[in-house]
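Just so it is clear: in the sequence shown, position 52 is 36 by my numbering, and no numbers are missing.
Just below is one structure, and these are the notes that go with it.
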Amino acid sequence: MDSSVGNYPASNLYADVVGQEDAVSLLRAASRQPVHAYLFQGLNGAGPRRAVKAFAASLLCPEGGCGHCSHCQRALAGIHPDFVILERVGASLAVDEARHLVTLAQRRPLEAARQVLVLTDVHLAARSIPVLLKTLEEPPGPTVFVLLADDLSPDLDTVASRCVKVVFPPVKQSTVLEWLISRGVAAEKAALVAESCGGDIDRAELLSDDERFVSRLELWRSVPDALSGSGSECARLARLLLEAADSALEPLRARHGEELDSFDEDSKVLRDRSVARRKEISDRHRREERRWRVEEIRSGMGVLARVYRDRILSLLRRRDGSETVGVLRCQEAISLVTDASRSLVRNPNETLLLESLFVKLTTLEF
Ligand SMILES: [Zn+2]
């Protein structure tokens, strides 16, 4: 076995799961005597995606996750035949895709003593979940399911109650800051990234490598002062910010390219060529890029809201009664920005959304 496949530390399978000590110790204990279904709850970038590979390695390795053997290496590289990550193709998990998982659960493991089946984005799967319930409760073979969900709505209670829940909360800002500095990121930039990443380590990693991150931040911060009242200025600002959101995709695309290269390399070394698996990775990349862009705009709106919050704080320092009107306007501005940010999930026309937000902010007459 070529020990150069992947770069995974033998001693600590969970080395790259940052700031999730509770989840990791639960998974370490679980791997010794696993039940048949786990639900990892939390944003993908906060740890579940990183943890699921390590957990699979510990379940497939005859020694419980040595980090060296072929089972460990292939699980960590995401190419073990008994470790299947089912990614949705459309906007939500289709019933047919859920049936496919049920079928997979019927099969015998190909190489290891058990198989690990992962279903992603379960928070978008409410319609298809009934297909899975019986299998989740009584998997026919030596199968361990891991379901990943950003969050859980009440209609997923039935599935949650059949799984051991492992929560991955957003990573603490101070932990992200410490982690970034330990990776050599300059303290000032690390602080800005830690504040902007929403507890998402993947996002923090990308932003810290992104040379244009600070200038994007400045662009969003400049919005209140740049709003002059003219419609053309609102349109110009919207265009600039959306162009900046496009440019924010570049580091993610570069990382996706690296992931495919590394998949190709590992497949070659381990003689495991799977066209279908490669396509699944590419499809996931496309979804991640769409999501990243939305996150970028949402994060920018968070920066904008913070500008108005800072204005409130400085107004309140006056304490002479002259601050009341300004505070009310800032509160109204924050509420407009928050509404616009929430509506991003509905896939609106982003140009219209931003232009309309800026026109409304202008009418507040700061
Ligand atoms: Zn091993």
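Ideal placement from N, C-alpha and C gives every residue a C-beta, glycine not left out.
Owing to the predicted nature of the structure, the values given are computational and were not obtained by experimental measurement.
Report the three-state DSSP secondary structure of residue 136 (helix, strand or coil). DSSP, read as helix, strand or coil, puts residue 136 in coil.
Within the present structure, is the beta-carbon of residue 218 separated from the nearest heavy atom of ligand 1 by less than 6 Å? Checking the Cβ of residue 218 against ligand 1 gives no.
By Cβ distance, which residues of its chain are closer than 8 Å to residue 343, with the 5 residues on each side in sequence left out? Cβ neighbours of residue 343 within its own chain (closer than 8 Å, five residues either side excluded): 215, 218.
Alpha carbon to alpha carbon, what distance is there between residue 124 and residue 2? If I take the Cα positions, the gap works out to 34 Å.
With H, G and I counted as helix, E and B as strand and the rest as coil, what does DSSP make of residue 22? Residue state, collapsed to three classes: strand.
For residue 131, name the three-state secondary structure that DSSP assigns. It is a strand residue.
Proximity winner among 90, 75, 97, 96, relative to residue 112 (alpha-carbon distances): Of the listed residues, the one whose Cα sits closest to residue 112 is 75.
What is the DSSP secondary structure of residue 103, counted as helix, strand or coil? Secondary structure at residue 103: strand, using DSSP grouped into helix, strand and coil.
If you drop the 5 nearest sequence neighbours on each side, which residues of the same chain put their C-beta closer than 6 Å to that of residue -2? Sequence-distant Cβ neighbours of residue -2 in its own chain, meaning closer than 6 Å and more than five residues away, are 8, 38.
Please tell me whether, using a cut-off of 6 Å, the distance from the CB of residue 64 to the nearest non-hydrogen atom of ligand 1 is below it. Every heavy atom of ligand 1 is 6 Å or more from the Cβ of residue 64, so no.
Is it the case that the Cβ atoms of residue 115 and residue 133 are separated by a distance below 7 Å? For residue 115 and residue 133, no; Cβs fall outside 7 Å.
Between the region 79 to 87 and the region 50 to 60, can you find at least three pairs of beta-carbon atoms closer than 8 Å? In the pairwise beta carbon analysis, the region 50 to 60 is classified as not touching the region 79 to 87: fewer than three pairs are separated by under 8 Å.
Any idea what DSSP makes of residue 291, helix, strand or coil? For residue 291, the three-state secondary structure derived from DSSP is helix.
Have a look at the DSSP bridge pairing and note the partners of residue 148. Note: residue 148 sits in a beta bridge opposite 22.
Here's the rule I'm using: 16 or more other beta-carbon atoms within 10 Å means buried, otherwise exposed. How should residue 186 be labelled? By the Cβ neighbour-count rule, residue 186 is buried, with 16 or more other Cβ atoms within 10 Å of its own.
What residue does the beta strand (DSSP E) around residue 69 start on, and which one ends it? Per DSSP, the continuous beta strand (DSSP E) segment holding residue 69 begins and ends at 67 to 70.
Apart from the five residues just before and just after residue 321, which ones in its own chain have a Cβ nearer than 6 Å to its Cβ? Closer than 6 Å at Cβ, skipping near neighbours: 285, 288, 289.
Under a three-way DSSP split, which group does residue 194 fall into? Looking at residue 194 - three-state DSSP - the assignment turns out to be coil, as it is neither helix nor strand.
Excluding the 5 residues preceding and the 5 following residue 84 in the sequence, name in chain order all residues of the same chain whose CB lies nearer than 8 Å to its CB. When the five nearest sequence neighbours on each side are left out, the beta carbons in the same chain lying within less than 8 Å of the beta carbon of residue 84 are those of 70, in order along the chain.
Assigned secondary structure, residue 82 (DSSP; H/G/I helix, E/B strand, else coil): Under the three-state reduction of DSSP output, residue 82 falls in the helix class.
Assigned exposure category for residue 172 - 16 Cβ within 10 Å defines buried: Counting Cβ neighbours within 10 Å, residue 172 comes out exposed, since fewer than 16 surround it.
Segment contact, 8 Å Cβ cut-off, at least three pairs: the region 23 to 40 with the region 156 to 167: Short answer: they don't touch.
Inter-residue spacing [alpha-carbon to alpha-carbon] between residue 102 and residue 14: Each residue's alpha carbon lies about 16 Å from the other.
Residue range of the alpha helix (DSSP H) that includes residue 175: From DSSP, the alpha helix (DSSP H) with residue 175 extends over 171 to 180.
Would the C-beta of residue 314 count as close to ligand 1, meaning under 6 Å from any of its heavy atoms? It does not: the Cβ of residue 314 is nowhere closer than 6 Å to a heavy atom of ligand 1.
Look at the Cβ atom of residue 35, then the Cβ atom of residue 59, and state whether they are nearer than 7 Å. No, these two residues do not count as a Cβ contact at 7 Å.
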